[in-house]
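Protein sequence lines, in the order shown, are assigned to chains H and E.
At position 193 of the first sequence the residue is numbered 191 (our numbering), and the sequence of numbers has no breaks.
At position 89 of the second sequence the residue is numbered 102 (our numbering), and the sequence of numbers has no breaks.
Input: a single structure, listed below in structure tokens.
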Amino acid sequence: MRLLRLLQAPLGALRKVFPRLRIRECLDVLAVVRQQLVETSRQVEESVVSVCGNFTGIAARARETVAESVTVLDGQHSEGSASVEEAIESSRRTIASLLERMELAGKLSAMAVSSMEEVSRTVTGIEDLLGQVARIAFTNKLVALNAKIEAVHVGELGAGFEVVADEISRQADRSAELAEGISSRIQEMRGRVNSTAEDLREFLAEDSQKLEESRCEAEKSLTMLLSLHQRTRDLLERNRQENARLAGDIASAVVGLQFQDRVKQRVEHVVEALQKLEDVLAGSHLPDPDASASGLMAGVHASYTMQSERNVHHQAAQPAASPAAEQAEMEVELF
Amino acid sequence: MPRTALIVDDSASIREMVAFTLREAGFVVLEGIHGADALQKLGDQRADLIITDLNMPVMDGLTFIRHVRSRPNSKYTPVLMLTTESQLEKKQQAKAAGATGWIVKPFHPAKLLEVIAKVLP
């Protein structure tokens, strides 16, 4: 501002105030200051560009993370893959089917036990019949013995009858042996059937309880899995919302960082003005009518693009004037 | 197919910020540091959208727009001028040169995308 005010004084008077040597010194300082401004502006721009690059990375990573999680949860990560909900539902159906088959196996076992009990009852009936066969064999044996006694009484004429009686006796013995053998095997079979039926009954009693326990356990695990999945989904949803907030924060930061562009332009205009001032002070533009104080001021004013620059200029040139408000909203006009 | 946007600005930070905003919205972004550079980068391609600054070295925004409008494939391409310039006279010049809209910086990403949605066919 001091420089601008200095420009308002006639150059001739300026030269009188400052000896030639002092002007040379001022020019050197001005050149350094100008270069400092240019360099500062460049460095700030580099930093802002770097920050913007980081934003791009942050936004891309956040978006990729959420997209990847959604893909996995929705089962779209590879062709033919199922979502977690579908996998849980599929497991539930498989477990239900297994439990149904186990239940069916239990029912079939119960039917087998019932059949075995029937077999056992049939076997008892057969044993009764075999008892009758044994008794018939015994009776035949007695008949054969009596026949043999009678044959002996008859003497030689009863010899043939005695042979028949012996044969009947042998057949009776054979029948008795067979009945006993059959009875023995049937008892053995009944023992096995009863033992197997007993084992099956015990298994059924135990199995029914375990089946119910397995059903409860499977249901509990699936419910837990579903709950865990729901928590993961909730977490993902929170991440998505956080990501949206992050995008909003980045958008605000983008607006904020644009101060750099405005500052850069203002610095460029100041640098331009300083350059002109240096030229004038160095005497290289003395014949130029712009070298007059008002001409220089007009040149500086013409370089402005922002209303805020013009406001500052007017305020500096006419300190009594009230400052105009800085533009805050994005101004848009479609033609 | 993603749309192509051409950003023309001598400020690297503004190019970066606009490019970030547009890429997030799914655009493929081309960048030019001034009008002449942008025309060269564009070549025979047709951009779906052009966002340009006004005051740039080598070739300013107004000259650039006139060049764009003289190309048969860019006659109706939406061209938004994104500038710090606030003078009415400059705005009228941009309109006369063929600009579709005038936006004064600083821009808000969401609002910029709203404006773009309005001007894109």
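All residues carry an ideal CB built from backbone N, CA and C; glycine is no exception.
*Residues of the region 105 to 126 of chain E with Cβ closer than 7 angstroms to any Cβ of chain H, in chain order*: Under the 7 angstroms Cβ criterion, the region 105 to 126 of chain E contributes Lys108, Ala112, Thr113, Gly114, Trp115, Ile116, Val117, Lys118, Pro119, Phe120, His121, Pro122, Ala123 and Lys124.
Neighbouring residues, chain B, relative to Gln263/H (Cβ below 7 angstroms) = Within the model displayed, chain B is absent; protein chains H and E are what it includes.
Rounded to whole angstroms, what is the Cα-Cα separation between Glu215/H and Ser89/H? Separation of Glu215/H and Ser89/H (C-alpha to C-alpha, rounded to the nearest whole angstrom) is 13 angstroms.
* Would the region 222 to 233 of chain H and the region 263 to 273 of chain H be scored as touching if the rule is three or more Cβ pairs under 8 angstroms? -> Because the criterion of three Cβ pairs below 8 angstroms is not met, the region 222 to 233 of chain H and the region 263 to 273 of chain H do not touch.
Checklist entry - Taking the alpha-carbon positions, what's the Asp26/H to Val46/H distance? => result One Cα belongs to Asp26/H, the other to Val46/H, and the distance between them is close to 30 angstroms.
7 angstroms Cβ cutoff, Leu96/H in contact with chain E: So, not an interface residue.
inquiry  = Any beta carbon from chain E within less than 7 angstroms of Asp247/H's own beta carbon?
reply    = Using a CB distance cut-off of 7 angstroms, Asp247/H does not count as an interface residue toward chain E.
Exercise. By Cβ distance below 8 angstroms, which residues in the same chain neighbour Glu276/H in space, the five residues on each side in sequence not counted?
Worked result: Hits under 8 angstroms: Leu25, Leu28, Ala29 and Arg32.
Within 10 angstroms of its Cβ, does Gly256/H collect 16 or more other Cβ (buried), or is it exposed? Just to set this straight, residue 256/H is Gln in the shown sequence, not Gly. Buried, since its Cβ has 16 or more Cβ neighbours within 10 Å.
Leu279/H versus Ser39/H: straight-line alpha-carbon distance, rounded = Answer to the nearest angstrom: the Cα atoms are 25 angstroms apart.
Length-filtered (4 minimum) alpha helix (DSSP H) runs lying within the region 233 to 261 of chain H:
Counting only runs of 4+ residues, no alpha helix (DSSP H) is found wholly inside the region 233 to 261 of chain H.
### Query
Shorter than 7 angstroms from the beta carbon of Cys50/H to some beta carbon of chain E?
Interface annotation, Cys50/H: in contact with chain E, CB-CB separation under 7 angstroms.
Task: Buried or exposed by the 16-neighbour rule on C-beta atoms within 10 Å, applied to Arg188/H - done: By the neighbour-count rule (16 or more Cβ atoms within 10 Å), Arg188/H is buried.
Open item on the list: Report the CB separation of Ala170/H from Lys139/H in whole angstroms; it is logged as a contact under 8 angstroms.
Closed with: Contact flag correct, Cβ pair sits at about 4 angstroms.
Can you name the start and end residues of the alpha helix (DSSP H) that Met114/H belongs to? In the DSSP assignment, Met114/H falls within the alpha helix (DSSP H) that extends over Val82 to Val152.
From the beta carbon of Ala25/E, is the nearest beta carbon of chain H less than 7 angstroms away?
True, the Cβ-Cβ gap to chain H drops below 7 angstroms.
>> Please identify the residue among Ser26/E, Ser87/E and Pro70/E whose C-alpha is closest to the C-alpha of Asn52/H.
In response: The shortest C-alpha separation from Asn52/H is found at Ser26/E.
>> Judging by CA-CA distance, which residue of Gly293/H, Gly281/H, Met304/H and Asp247/H is the nearest neighbour of Ile21/H?
In response: Closest option to Ile21/H, Cα to Cα, is Gly281/H.
**Message:** Could you compute how far the alpha carbon of Leu35/H sits from the alpha carbon of Gln305/H?
**Reply:** Answer to the nearest angstrom: the Cα atoms are 21 angstroms apart.
#### Entry: Thr92/H at chain E interface by Cβ criterion, 7 angstroms
Interface annotation, Thr92/H: not in contact with chain E, CB-CB separation never under 7 angstroms.
Coarse secondary structure for Ile129/E, derived from DSSP in three states: Looking at Ile129/E - three-state DSSP - the assignment turns out to be helix.
Per DSSP, what are the beta-bridge partners of Glu329/H in this structure? For Glu329/H, which the question treats as bridged, DSSP gives the partners Val117/E.
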